[in-house]
Every structure is written in C-alpha cells, then in structure tokens.
Amino acid sequence: MERRTQTILQSVLIGYLVLLFASIAFDNPVLTTAADLGFAAVAGFFGYTVYANRSPSEDERIVYVTAAALVLAGVAQLLALVPGFGVAALASTGFFIIGFVGYFLLRWR
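Under the working numbering, the residues of the sequence shown are numbered 34 to 142, in order.
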C-alpha cells in the first residue's frame, strides 16, 4: 500500500474513532449520525483500498469478495439512516464482518 494511501486511511480511521467515542460519551443524536456516516465512509474507502492495492499474488476471489463486502457495508450503513430501513444496520454489520475476515485472509497468506 502506498504511503500516501496509508496516511489518508489512518487519518480517516482516527477521525472516525473520535466521532464514535464522542457519540458514545455524549449520547448526542447528531454525533451518532456523524459516526454512522463516518463508518460508511471508512468501510467504503477501505473496500476501495483493498481493491485498488491488490497484488497479483493475492487470490482474486478473496480480493473481490472483501472489497465488495466492505463497500456494501458502507452502503447498507447509509440505508440504515433512512427511516424504515433499520434492518440495513444488521446487513451492514454482516457485510463488515465478511470484509474484515477477508482482509485478514489476504494478509495472512
């Protein structure tokens, strides 16, 4: 992964964690919504990064499933913010877990 990409990813992750902790600490609906939007951005960006920085030695199937699952986690998180689509939050969690496992499979091999 490029150094610039790593720096951007680390900055986005730190910003998301600050939002997440603030939303938990203050129990503010605006901060909670911002944290949900932050999760969507982090998951989508991470999915893109996995896809864009794939190497020829990695199993393409795992790369595609991992990237797609992370992007879908971000999209589902955005849908969960729409009234009546609360079940999308569960889907977002499921997609994120699949992407998380896929990422570790890629790094483990």
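We treat Cβ as the ideally placed atom computed from N, Cα and C, and that holds for glycine.
Practice prompt. Report, in whole angstroms, the separation of the C-beta atoms of Leu114 and Asp60, which I expect to be a contact under 8 Å.
Written response: Looking up residue 114 in the sequence shown gives position 81. Looking up residue 60 in the sequence shown gives position 27. By a beta-carbon distance limit of 8 Å, Leu114 does not contact Asp60. Their separation comes to about 17 Å.
Fill in: Buried or exposed (CB count within 10 angstroms, at least 16 for buried), Thr82
On the sequence shown, residue 82 is found 49 positions in, with the first residue counted as 1. It is buried - the Cβ of Thr82 has at least 16 other Cβ atoms within 10 Å.
Worksheet item: Counting along the chain, where does the alpha helix (DSSP H) carrying Glu91 start and finish?
Response: Here residue 91 refers to the residue found at position 58 when the sequence shown is read from its first residue. Unbroken run through Glu91: none, as it is neither H nor E.
Discussion item. Would Ala106 and Phe137 qualify as a contact pair, given that the criterion is a beta-carbon distance under 8 Å?
Written reply: Walking along the sequence shown from the start, residue 106 turns up at place 73. Walking along the sequence shown from the start, residue 137 turns up at place 104. No, the pair does not count as a contact, with Cβ atoms beyond the cut-off.
Fill in: Alpha-carbon to alpha-carbon, Ser90 and Ala109
Working through the sequence shown from its first residue, we reach residue 109 at position 76. Working through the sequence shown from its first residue, we reach residue 90 at position 57. About 30 Å.
Worksheet item: Should Leu103 go down as buried or exposed, given a rule of 16 or more other Cβ atoms within 10 Å for buried?
Response: Within the sequence shown, numbered from 1, the residue matching residue 103 stands at position 70. Result: buried.
Item to complete: May I ask you to report which of helix, strand or coil DSSP gives Arg87?
Response: As a working mapping, residue 87 is identified with position 54 in the sequence shown. It is coil, neither helix nor strand.
Worksheet item: Looking at Val75 and Arg87, is the spacing between their C-beta atoms short of 8 Å?
Response: Along the sequence shown, one-based indexing puts residue 87 at 54. Along the sequence shown, one-based indexing puts residue 75 at 42. In this structure, Arg87 sits away from Val75, with a CB-CB distance that is not shorter than 8 Å.
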